[in-house]
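In our numbering, the protein residues as written are 503 to 708. Right, one structure below, let's go through it.
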């Protein structure tokens, strides 16, 4: 499972022209003054700790790389199972409020740094592979963190309804979106192990 959703508009291969640093906002874009959290209201104290963690990581990177950047906007409106995303052109980091509330230490120590590293790589190199060598070096050499791409967080609080399906060898759980595609005959899913088509499990009423 992806820890941090791929950046919006990010190509799968590095850009061929990385000689010119991309333009980033001189000041954060002015948008709504209050972000909408995903199904949870974070305490002001936790928000402040996240803002402070971002400031500390940015200062750490500026000292190590001898460069200065505008402070990214930090929002708490990331949805789904992703812990966070970095939005390059907006110079913005979005955190999943639900997962943040349940995993504060990980977010403060690693998740914020992970997303900031994406922004800084973009500022220095342009568009590259999301977790390519430039990002990995920044995580390890600047932040002193493992370049992890996956996590094992409990995402039950942000998971939608699941629907039981079966193939020739095992049971499966499909999301509402995939289940609806099957019902509309827009998609047909195969088991990666046995190759059989997945069929919905129906429960006979007594």
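Glycine included, every Cβ here is placed at the ideal spot set by N, Cα and C. Fair warning: this is a prediction, and the values are worked out from it, not measured in the lab.
Q | Closest by C-alpha distance to residue 595, when choosing among 616, 703, 603 | A | 616
Q. In the DSSP assignment, what are the bridge partners of residue 668?
A. In the DSSP output, where bridge partners are listed per residue, residue 668 has 673, 701.
Q: Could you spell out where the alpha helix (DSSP H) holding residue 614 opens and where it closes?
A: 614–627
Q: Look at the alpha carbon of residue 672 and the alpha carbon of residue 683, and state the distance between them as a whole number of angstroms.
A: 21 Å
Q: Go ahead and pull the three-state DSSP assignment for residue 589.
A: strand
Q. Relative to the C-alpha of residue 619, which residue among 702, 633, 554, 609 is closest?
A. 633
Q) In whole angstroms, what separates the C-alpha of residue 567 from that of residue 602? A) 29 Å
Q: Output the distance between the C-alpha atoms of residue 588 and residue 604, rounded to the nearest integer angstrom.
A: Distance between the alpha carbons of residue 588 and residue 604: 21 Å.
Q: Since I believe residue 622 is in contact with residue 640 (beta carbons under 8 Å), could you give me their beta-carbon distance rounded to a whole number of angstroms?
A: 6 Å
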